[in-house]
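Using this note's numbering, the first residue of the sequence shown is number 15, and each one after it goes up by one.
The beta carbon of each residue, even a glycine, is placed where N, CA and C say it ideally should be.
All figures in this text were calculated on a predicted structure; none of them were measured in a lab.
The structure appears right after this line, and notes come after that.
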Amino acid sequence: MIDLSTNYLGLKLANPLVPSSSPYSKDLSAAKKLEDAGASAIVMSSLFEEKIEAEEQQMARFFYQQSIGYGEADSFHPVPDTIKTYQEQYLEHLHNLKTALKIPVIASLNGTSLGGWLDYALALQQAGADALELNIYHLAANAEESGDRVENRYIEILQAIKAQVSLPITLKLSSQFSSPVHFAKRLEAAGADGIVLFNRFYQPDIDLETLQVVPKLELSSSTEALLRIRWLAVMYGRVNLSLAATGGFHQVEDVVKALLAGADVVHLCSVLLECGIDSLTKILQDLQQWLVEHEYQSISQLKGSVSQQHAIDPSAYQRANYVQVLDSYSHPSGVLM
Ligand SMILES: Cc1cc2nc3c(=O)[nH]c(=O)nc-3n(C[C@H](O)[C@H](O)[C@H](O)COP(=O)(O)O)c2cc1C
C-alpha cells in the first residue's frame, strides 16, 4: 500500500492534491464534490480588500444620506441589520464549509495595503479556518518604490496578521522578486509557515479596434509549471517553510515533477475548471500508479529527491544550463536562416 500522505502547514493531509482558490470553493456542493473526488484540503476563494473597502464606502454613503434629512423615508430603506455584508457572507460560507467537509479548509485573504481588511484574519480563525493563505497581488510599478520597500510591505502585512492569529500562514508569491530565496528566508524569520509558488498575474490585452486596455483571463497550460518546479527545487532544503506549487499543474507528470523538486502539496485550478472535478480523481489514480511503477513506497520518499541539493547535476537549475539550452537549438527543417 502506497503512503500518499503529506504534511502541509502543520496539517497532515491524505495526499498532495489541493484545489487552490477558485470559483469551486464558493459553492458548497462543488466543494463537497472536490472532497469526494479525493482533494485532501481546499483553499477558499479570497476575501478581497477592494471588495471590503467598496462595501464600507457604500455603507458610509448610505448612513450619510439617512443623516441628512430624508428621515420620513427611512422606513423605505432596507434595514442594514438584516443585510449580510460581504465579510459576513464569507465567514458564514467558511463555517458552512467546515461543517460540511472533513478535509481542512484554508481561508484566503487578498489585498496589498496595511489596512483594516487585515482585521478579518481573527474572524477567519474564529470561524474555524485551518490555515490562512495571504495573497498580496501587487504589481511593483511605482518608480518611487524600491525592491526592498516592496518586500517590506509583505513582511509588514504578515507581521500585522501574525500579531492577531495563531493560525499557520502561507504566502502566495509572485515570481518577480530579485532574490526569491533570500526573500523567502525573510518571510520565514517574520513568522511565515509556508509559501505558494507562484501567483499568476493576468495580463491585460490591448483591443486593436478600440485601443482600450482590456482585462483578460486565460487558464494556464503545463508549460507554466516549469518555472514553479525550478524555484521549488531551489527553495527545497534552504528554507524551513511548507512549499506549495500553483500554476500550470494539469497532469500527473507535472505533479510528480513538483514533488520531486520539493513541493509538499500541488494546487490544481485551471485543470479543474477546464476538465471538471473528475480530473482530480484521475490525477490521483495516475499518481498512485506512477509511484507503483517506479517502486516508491511513499510521497515522502519522493519529495525533494530532485531538488537542487539532491539533483545529480545541481547546476542544471542555474545558469550553466542556460548556455547549453541555447546551444541545443536547431531550427526546423524547411525554415531558412
Ligand atoms: C476563475 C479563477 C478564480 C481565481 N480566484 C482566486 C482567488 O480568489 N484568490 C487567489 O489567490 N487565487 C485565485 N485564482 C488563482 C488560482 O488559485 C491559481 O493560483 C492560478 O489559477 C494558477 O493555477 P492553475 O494554473 O492551476 O490555474 C483564481 C483563478 C481562476 C482561474
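Residues bridged to residue i [DSSP beta-bridge criterion]
{"i": "residue 219", "result": "228"}
{"i": "residue 20", "result": "27"}
{"i": "residue 147", "result": "122 and 184"}
{"i": "residue 33", "result": "282"}
{"i": "residue 52", "result": "According to DSSP, residue 52 bridges with nothing at all."}
{"i": "residue 111", "result": "Answer is none; residue 111 lacks a bridge partner."}
{"i": "residue 62", "result": "124"}
{"i": "residue 138", "result": "Answer is none; residue 138 lacks a bridge partner."}
{"i": "residue 312", "result": "17"}
{"i": "residue 257", "result": "209"}
{"i": "residue 57", "result": "120"}
{"i": "residue 250", "result": "253"}
Alpha-carbon to alpha-carbon, residue j and residue i
{"i": "residue 281", "j": "residue 33", "result": "5 Å"}
{"i": "residue 54", "j": "residue 107", "result": "19 Å"}
{"i": "residue 317", "j": "residue 335", "result": "23 Å"}
{"i": "residue 42", "j": "residue 51", "result": "14 Å"}
{"i": "residue 294", "j": "residue 350", "result": "44 Å"}
{"i": "residue 196", "j": "residue 159", "result": "19 Å"}
{"i": "residue 70", "j": "residue 183", "result": "26 Å"}
{"i": "residue 253", "j": "residue 44", "result": "35 Å"}
{"i": "residue 111", "j": "residue 214", "result": "26 Å"}
{"i": "residue 155", "j": "residue 307", "result": "48 Å"}
{"i": "residue 166", "j": "residue 219", "result": "30 Å"}
{"i": "residue 104", "j": "residue 138", "result": "9 Å"}
{"i": "residue 64", "j": "residue 330", "result": "42 Å"}
{"i": "residue 243", "j": "residue 74", "result": "46 Å"}
{"i": "residue 297", "j": "residue 267", "result": "9 Å"}
{"i": "residue 309", "j": "residue 232", "result": "37 Å"}
{"i": "residue 36", "j": "residue 68", "result": "22 Å"}
{"i": "residue 189", "j": "residue 25", "result": "25 Å"}
{"i": "residue 142", "j": "residue 113", "result": "9 Å"}
{"i": "residue 152", "j": "residue 203", "result": "21 Å"}
{"i": "residue 248", "j": "residue 301", "result": "23 Å"}
{"i": "residue 304", "j": "residue 265", "result": "12 Å"}
{"i": "residue 269", "j": "residue 224", "result": "41 Å"}
{"i": "residue 299", "j": "residue 348", "result": "42 Å"}
{"i": "residue 163", "j": "residue 226", "result": "31 Å"}
{"i": "residue 60", "j": "residue 342", "result": "43 Å"}
{"i": "residue 338", "j": "residue 72", "result": "58 Å"}
Close-in-space but distant-in-sequence residues of the same chain around residue i (CB under 8 Å, 5 per side omitted)
{"i": "residue 135", "result": "123, 146, 175, 178, 179 and 181"}
{"i": "residue 230", "result": "216, 217, 218 and 219"}
{"i": "residue 161", "result": "154, 191 and 192"}
{"i": "residue 109", "result": "141 and 142"}
{"i": "residue 291", "result": "38, 44, 47, 48 and 51"}
{"i": "residue 115", "result": "45, 46, 49 and 56"}
C-beta atoms of residue i and residue j nearer than 9 Å
{"i": "residue 312", "j": "residue 276", "result": "no"}
{"i": "residue 3", "j": "residue 172", "result": "Since the displayed the chain opens at 15 and closes at 351, residue 3 lies outside it and no answer follows."}
{"i": "residue 355", "j": "residue 198", "result": "Summary: the structure shown does not reach residue 355, with the chain confined to residues 15 through 351, and so no result is reported for it."}
{"i": "residue 27", "j": "residue 117", "result": "yes"}
{"i": "residue 15", "j": "residue 39", "result": "no"}
{"i": "residue 274", "j": "residue 319", "result": "yes"}
{"i": "residue 314", "j": "residue 19", "result": "yes"}
{"i": "residue 62", "j": "residue 129", "result": "no"}
{"i": "residue 278", "j": "residue 29", "result": "no"}
{"i": "residue 157", "j": "residue 211", "result": "no"}
{"i": "residue 48", "j": "residue 120", "result": "no"}
{"i": "residue 101", "j": "residue 150", "result": "no"}
{"i": "residue 201", "j": "residue 169", "result": "yes"}
{"i": "residue 289", "j": "residue 260", "result": "no"}
{"i": "residue 323", "j": "residue 250", "result": "yes"}
{"i": "residue 241", "j": "residue 185", "result": "no"}
Proximity test, Cβ basis, 9 Å: residue i and chain B
{"i": "residue 103", "result": "The chain inventory of the structure shown lacks chain B, comprising one protein chain alone."}
Neighbourhood of residue i by C-beta, 6 Å cutoff - its chain only, sequence neighbours within 5 removed
{"i": "residue 262", "result": "234, 236, 238 and 239"}
{"i": "residue 17", "result": "312"}
{"i": "residue 271", "result": "243"}
Own chain partners of residue i with C-beta closer than 7 Å, once the 5 adjacent residues on each side are dropped
{"i": "residue 99", "result": "69"}
{"i": "residue 328", "result": "322"}
{"i": "residue 144", "result": "25, 118, 119 and 120"}
### Message
Going residue by residue through the segment 273-297, where are the continuous beta strand (DSSP E) segments of at least 3 residues, counting only ones entirely within it?
### Response
Within the segment 273-297, the beta strand (DSSP E) runs of at least 3 residues that lie entirely inside it are, in chain order, 279-282.
### Message
Going residue by residue through the segment 153-213, where are the continuous beta strand (DSSP E) segments of at least 3 residues, counting only ones entirely within it?
### Response
Taking only runs of at least 3 residues, the beta strand (DSSP E) segments lying wholly in the segment 153-213 are 183-187 and 208-211.
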